[in-house]
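Residue 163 in our numbering sits at position 163 of the sequence shown, with consecutive numbering throughout.
In what follows, a structure is listed as structure tokens, so that the remarks can point back to it.
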Amino acid sequence: MRTITGLWRWRHNPLRRATDLVEAWVALGALLLVLVAAPLVGVLAGGLAGDALQRSVREQRENRHPVTATVVRDADLTPLDPDPETATGRDSHRRVLAHWTGPDGTARRGTAMAALESPRRGDRFTIWTDGSGRLVGRPLDGATAATHAVLAGFGTAVACAGAVEGARRLLLWRMVRRRYDHWDRAWSRVGPDWGRTGTGS
């Protein structure tokens with residue numbers, strides 16, 4: 001609103017400088033870009049990120065398989081994370097030596113993360129493997145992918161708005177510097193004679 005009011009005020013004002021009008025138009029253009037272009041860019045970026053993430057979700061669902069593993073023994077009694085503030089999300093997971101059969105029928109054995117608080121020999125838990133039975137991470141789910149896409153779109157919109165505002169401030173700074181340079185030149189021409197008798201002032 002200040003930008004629109006400024007444009008209206010400078011329309012027929014005799015004190016208006018050319019830079020005042022340019023400054024008001026630049027502010028209005030930046031406002032429109034922030035309100036219209038930035039959200040559109042954010043939606044476009046979020047859509048592209050969402051498509052890529054959903055493709056990844058589909059690929060991971062095709063290539064990753066849940067398999068039941070059996071605990072052989074506890075692999076490590078030391079905590080996974082020495083920092084108690086960051087370890088809370090992993091308290092129920094323990095590193096164990098386990099064996100399992102891959103989707104292709106091959107017997108596998110190795111260290112895995114078990115979602116068991118106190119695993120004992122013979123306990124069963126679910127792991128994720130590729131087609132040949134090698135351990136892989138849990139596949140990305142659709143809801144998480146959608147959340148990441150929304151965050152990517154929002155972040156892009158905010159970054160776009162920040163870039164527009166940064167460009168507006170840079171342009172305004174350059175205009176003010178040019179205005180000061182004009183004033184300095186005018187002062188150097190007129191200033192030395194101010195206050196002297198007989199100068200016609």
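For glycine and all other residues, C-beta sits at the position ideal for the given N, C-alpha and C.
Report the rounded CA-to-CA distance for ASP184 versus ALA24, giving the unit in angstroms. Here the question's residue 184 lines up with position 184 in the sequence shown. Here the question's residue 24 lines up with position 24 in the sequence shown. When rounded, the distance between both Cα atoms is 24 angstroms.
To the nearest angstrom, how far is it from the Cα of TRP173 to the Cα of ALA167? Residue 173 sits at position 173 when you count from the first residue of the sequence shown. Residue 167 sits at position 167 when you count from the first residue of the sequence shown. Whole-angstrom Cα-Cα distance: 10 angstroms.
Once DSSP output is grouped into helix, strand and coil, what is the label at PRO39? Translated into positions along the sequence shown, residue 39 becomes position 39. Three-state result, PRO39: helix.
Do the CB positions of GLY42 and ALA149 come within less than 8 angstroms of each other? By one-based count along the sequence shown, residue 42 stands at place 42. By one-based count along the sequence shown, residue 149 stands at place 149. Result no, Cβ atoms of GLY42 and ALA149 do not sit closer than 8 angstroms.
From what residue to what residue does the alpha helix (DSSP H) around ARG109 run? Counted from its first residue, the sequence shown places residue 109 at position 109. Unbroken run through ARG109 is the beta strand (DSSP E), 107 to 114; no alpha helix (DSSP H).
With DSSP collapsed to three states, give me the class of HIS99. Here residue 99 refers to the residue found at position 99 of the sequence shown. Note: HIS99 maps to strand in three-state DSSP.
With respect to the beta strand (DSSP E) encompassing ASP74, which residues constitute its N-terminal and C-terminal limits? The sequence position of residue 74 within the sequence shown is 74, counting from 1. Run containing ASP74: 65 to 74, per the beta strand (DSSP E) assignment.
N- and C-terminal bounds of the alpha helix (DSSP H) containing ARG189: Here residue 189 refers to the residue found at position 189 of the sequence shown. 142 to 190 is the span of the alpha helix (DSSP H), which, as asked, contains ARG189.
Sequence-distant residues of its chain with Cβ nearer than 6 angstroms to ALA157 (five each side left out): For this step, residue 157 is matched to residue 157 along the sequence shown. Taken in chain order, the residues that qualify are ALA38, PRO39, GLY42.
In whole angstroms, what is the alpha-carbon distance linking ILE127 and GLU117? The count along the sequence shown starts at 1 and reaches residue 127 at position 127. The count along the sequence shown starts at 1 and reaches residue 117 at position 117. Distance between the alpha carbons of ILE127 and GLU117 is about 16 angstroms.
Closest residue to ALA161 among ALA115, ALA18, LEU35 (Cα-Cα distance): Stepping through the sequence shown from its first residue, residue 161 is reached at position 161. The residue with the shortest Cα to Cα distance from ALA161 is LEU35.
Close Cβ partners of ASN63 (< 7 angstroms) along its chain, the five nearest in sequence each way excluded: In the sequence shown, counting from the first residue as 1, residue 63 sits at position 63. Within the same chain, ASN63 has close Cβ partners ASP130, GLY131.
How about THR68 and HIS99: do their beta carbons lie closer than 8 angstroms? Along the sequence shown, read from residue 1 onward, the residue named residue 68 stands at position 68. Along the sequence shown, read from residue 1 onward, the residue named residue 99 stands at position 99. Not closer than 8 angstroms, so no.
Cβ shell of GLU85 (< 6 angstroms), same chain only, five flanking positions each side left out: Start at 1 with the first residue of the sequence shown, and residue 85 comes out as number 85. With a pLDDT of only 47 at GLU85, under 50, the local geometry of the prediction cannot be trusted, and no value is derived from it.
Which residue marks the beginning of the alpha helix (DSSP H) containing VAL22, and which one marks its end? Here residue 22 refers to the residue found at position 22 when the sequence shown is read from its first residue. Taken as a continuous stretch (DSSP letters only), the alpha helix (DSSP H) holding VAL22 covers 18 to 32.
Report yes if the C-beta distance between GLN60 and LEU171 is below 8 angstroms; otherwise report no. By one-based count along the sequence shown, residue 60 stands at place 60. By one-based count along the sequence shown, residue 171 stands at place 171. Not a contact, by the Cβ cut-off of 8 angstroms.
Nearest-angstrom Cα distance between THR19 and MET175? Reading the sequence shown from its first residue, position 19 is the one you call residue 19. Reading the sequence shown from its first residue, position 175 is the one you call residue 175. Computed Cα separation, rounded: 7 angstroms.
With 16 other Cβ atoms within 10 Å as the buried cut-off, status of LEU151: Position 151 of the sequence shown, counted from the first residue, corresponds to residue 151. Looking at its Cβ environment, which holds fewer than 16 other Cβ atoms inside 10 Å, LEU151 is exposed.
Among PRO66, ALA49, TYR180, ARG179, which residue has its Cα nearest to the Cα of ASP104? Here residue 104 is taken as the residue at index 104 of the sequence shown, counted from 1. It is PRO66 whose Cα lies nearest to the Cα of ASP104.
Quick one: does the C-beta of ASN63 sit closer than 7 angstroms to a heavy atom of the ligand SAH? Looking for the ligand SAH in the displayed structure turns up nothing, as the structure carries no ligands at all.
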